[in-house]
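Protein chains in written order, with my numbering: chain A, 274 to 476; chain B, 274 to 476. Just so it is clear, CB atoms sit at the ideal spot from N, CA and C, and this is done for glycine as well.
Set out below in structure tokens:
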């Protein structure tokens, strides 16, 4: 196992998890990967960014429908999600080999868990806090905010549960779960404290 | 709302949550209440320690059986658990009024949430870690350890879920969830960091 520290951040929609990861990476001066991975995957696979983006963090609904329908000709859709998952897993491992970094979402905690030094974090928040953030930063209409948050989290959960066979947001999958009602900057400070306390080496 | 800081610790059986709470209280020089509450409740209620202990953190199974059986004469059992819960809630509030302190279990997070300055923590751990601790400190036979851990957690969950209508161990109930695989002393340090970061006042 390499000494690189790989920080993975799972997050509820609107909880600020992506921003926490970005600030943390900046303060630790290590690379940060979230939607940046879409470009890398597109480049490595030759698949257009639009298609990579369309399956990003989405479980393959067709898998289930195929199982119950006894198969269709729509195998292209089935294989696209799964192929991109496999390619993405490969890219995550190569990036983790190169040095310490922060990954947001994409089952990175599960993919890297056994062969890397992984700090697995999950960020969640009260619905009030998430709504406020979604309205402010994602231009979500106030009256639809809760619905959009729940829908996005449902999609993330389906993706995670499908590929890991674990339950997204179940605390036992993570080393530390932080309610970001404490504030984004404070959550970053707390994760830095965790690293100072637990990892005796410098990143 | 008073300025006292009330730290509540929910914990999986064998995760070291009680010990983390005790160390934290010692380091912060504030009172610690876990099984200490049994003596206080017994004294205030006149009910023997043995009886208080027998219903401690246990949901009232009779409640459900009564509902489905259409009632029995066994109302004494129904009221004993519930009366002690109500009395305990009252004692928790009085202790919280007196000053900052640490409570372990007993739905303290739920009981105090709305009227006090509460830091709600949940401690969990990998099954391996919990088994090791249970065998070492609670004289649990190795071959029965997992079963005993699961049974105790099931009981704690039933108690919590019954009295709070929330789900025990669901991260959304807490401010911070720590996997104690990081070590007991480290978890104490991390909670102290949280307090330093988030609460600008001294305890």
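Span separating the alpha-carbon of residue i from that of residue j
i: residue 418 (chain A); j: residue 398 (chain A); result: 14 angstroms
i: residue 426 (chain B); j: residue 286 (chain B); result: 6 angstroms
i: residue 310 (chain B); j: residue 433 (chain A); result: 42 angstroms
i: residue 303 (chain A); j: residue 295 (chain B); result: 37 angstroms
i: residue 283 (chain B); j: residue 453 (chain B); result: 13 angstroms
i: residue 385 (chain B); j: residue 331 (chain B); result: 19 angstroms
i: residue 323 (chain B); j: residue 358 (chain A); result: 57 angstroms
i: residue 464 (chain B); j: residue 440 (chain B); result: 23 angstroms
i: residue 319 (chain A); j: residue 364 (chain A); result: 14 angstroms
i: residue 404 (chain A); j: residue 326 (chain A); result: 24 angstroms
i: residue 380 (chain A); j: residue 366 (chain B); result: 42 angstroms
i: residue 468 (chain B); j: residue 281 (chain B); result: 13 angstroms
i: residue 368 (chain B); j: residue 428 (chain B); result: 25 angstroms
For residue i, the nearest candidate out of the options (CA to CA)
i: residue 472 (chain B); options: B:326, B:295, B:391; result: B:391
i: residue 461 (chain A); options: A:297, A:277, A:290, A:281; result: A:297
i: residue 451 (chain B); options: B:466, B:437, B:277, B:430; result: B:466
i: residue 401 (chain A); options: A:389, A:415, A:395, A:437; result: A:415
i: residue 356 (chain B); options: B:396, B:420, B:387, B:314; result: B:314
i: residue 377 (chain A); options: A:299, A:457, A:305, A:469; result: A:305
i: residue 301 (chain B); options: B:317, B:278, B:289; result: B:278
i: residue 424 (chain B); options: B:372, B:437, B:407; result: B:407
i: residue 360 (chain A); options: A:389, A:372, A:371, A:329; result: A:329
i: residue 317 (chain A); options: A:276, A:288, A:362, A:281; result: A:362
i: residue 375 (chain B); options: B:421, B:429, B:308, B:445; result: B:308
Host alpha helix (DSSP H) of residue i (start-end)
i: residue 396 (chain B); result: Here residue 396 (chain B) belongs to no alpha helix (DSSP H); instead the beta strand (DSSP E) covers 390-397.
i: residue 429 (chain A); result: 418-437
i: residue 279 (chain B); result: Not the alpha helix (DSSP H): residue 279 (chain B) falls in the beta strand (DSSP E), residues 278-284.
i: residue 460 (chain B); result: 457-471
i: residue 312 (chain A); result: 309-318
i: residue 325 (chain A); result: 322-328
Close beta carbons around residue i, own chain, < 6 angstroms, minus the five adjacent residues each side
i: residue 448 (chain B); result: 392, 393
i: residue 395 (chain B); result: 283, 447, 450
i: residue 348 (chain B); result: In this predicted model, residue 348 (chain B) has a pLDDT of only 46, less than 50, meaning its place in the structure is not dependable; the value taken from the coordinates is given anyway. No residues qualify anywhere along the chain.
i: residue 383 (chain B); result: 437
Terminal residues of the beta strand (DSSP E) in which residue i lies
i: residue 406 (chain B); result: It is not in any beta strand (DSSP E) - residue 406 (chain B) instead sits in the alpha helix (DSSP H) that spans 400-410.
i: residue 385 (chain A); result: Run containing residue 385 (chain A): none in the beta strand (DSSP E); it sits in the alpha helix (DSSP H), 381-385.
i: residue 289 (chain A); result: Where residue 289 (chain A) is concerned, there is no enclosing beta strand (DSSP E), given that its DSSP letter is neither H nor E.
i: residue 452 (chain A); result: 449-452
i: residue 375 (chain B); result: 374-377
Cβ shell of residue i (< 8 angstroms), same chain only, five flanking positions each side left out
i: residue 337 (chain B); result: Model confidence at residue 337 (chain B) stands at a pLDDT of 44, short of 50, so the residue's coordinates are unreliable; what they give is reported in the following sentence. For residue 337 (chain B), where only same-chain residues beyond five positions count, there are no Cβ hits under 8 angstroms.
i: residue 288 (chain A); result: 396, 397, 398, 402, 403, 406, 453
Rounded Cβ spacing between residue i and residue j (contact assumed at less than 8 angstroms)
i: residue 457 (chain B); j: residue 459 (chain A); result: Residue 457 (chain B) to residue 459 (chain A), Cβ: 24 angstroms. No contact.
i: residue 442 (chain B); j: residue 444 (chain A); result: 7 angstroms
Chain-order list of residues whose beta-carbon lies under 7 angstroms from that of residue i (same chain, five-residue window excluded)
i: residue 292 (chain A); result: 457
i: residue 410 (chain B); result: none
The ligand NAP heavy atom lying under 7 angstroms from the CB of residue i
i: residue 310 (chain B); result: No copy of the ligand NAP appears in this structure; indeed no ligand is present at all.
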